[in-house]
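Residue numbers (the working numbering): 673 to 850.
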């Protein structure tokens, strides 16, 4: 824990408190993730993820790793860079004892790869859309600027709320372009 905090430049956390209290530790992990994601270098990411995932509180460590995945996905230049980065983490993720947590992180990575491919101009087929989580469909409905993607979500989104968001955004985009 001390090495993880020091490596992230976090010196104001009592290491003994962090080791003894999972809430203090979770807070420390959030700060480490923030510092790690802000770094230009990705060289230490795998080691940081490995250290976090060794925590006996798998729920807290999974949450921290998902936060890192989310932050890095928003920084990369495209799906190829994110695919390479996430592939380096998979051996560490596979060390989690709880299958559901491993699967959750893998699905989040898959979702971000899908999102990033759409950002590069890919228009998915309905079958591809069905392979991403409801969460990612909602993110796309709220953020996509592609009329084709919004139309697909309005027609084929898993949830009524997602379909409605996409339909309303597609309609408002049509009005703005006139």
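Cβ coordinates follow ideal geometry from the N, Cα and C atoms, glycine included.
Just so you know, these numbers come straight off a predicted model, no measurement behind them.
{"Item": "With DSSP collapsed to three states, give me the class of residue 717.", "Value": "helix"}
{"Item": "If distances are taken between C-alpha atoms only, which option among 777, 752 and 767 comes closest to residue 792?", "Value": "752"}
{"Item": "So, under 8 Å CB-CB, residue 780 and residue 721 are touching, yes? Tell me the CB distance rounded to an integer number of Å.", "Value": "About 13 Å separates the two Cβ atoms, so there is no contact after all."}
{"Item": "Which same chain residues, not among the five before or five after residue 723, have their C-beta less than 7 Å away from its C-beta?", "Value": "676"}
{"Item": "Using a 10 Å radius around the Cβ and a threshold of 16 neighbouring Cβ atoms, would you call residue 708 buried or exposed?", "Value": "buried"}
{"Item": "Rounded to whole angstroms, what's the CA-CA distance from residue 817 to residue 823? Just pull it up for me.", "Value": "11 Å"}
{"Item": "If you measure from the beta carbon of residue 692 to each beta carbon in chain D, is any gap under 8 Å?", "Value": "This model lacks chain D altogether, as it is built from one protein chain only."}
{"Item": "So, at 6 Å on beta carbons, what are the nonlocal neighbours of residue 727 in its own chain, with the 5 sequence-adjacent residues on each side left out?", "Value": "733"}
{"Item": "Could you give the residue range of the alpha helix (DSSP H) that holds residue 861?", "Value": "Because the chain in this structure spans residues 673 to 850, residue 861 falls outside the shown range and cannot be described."}
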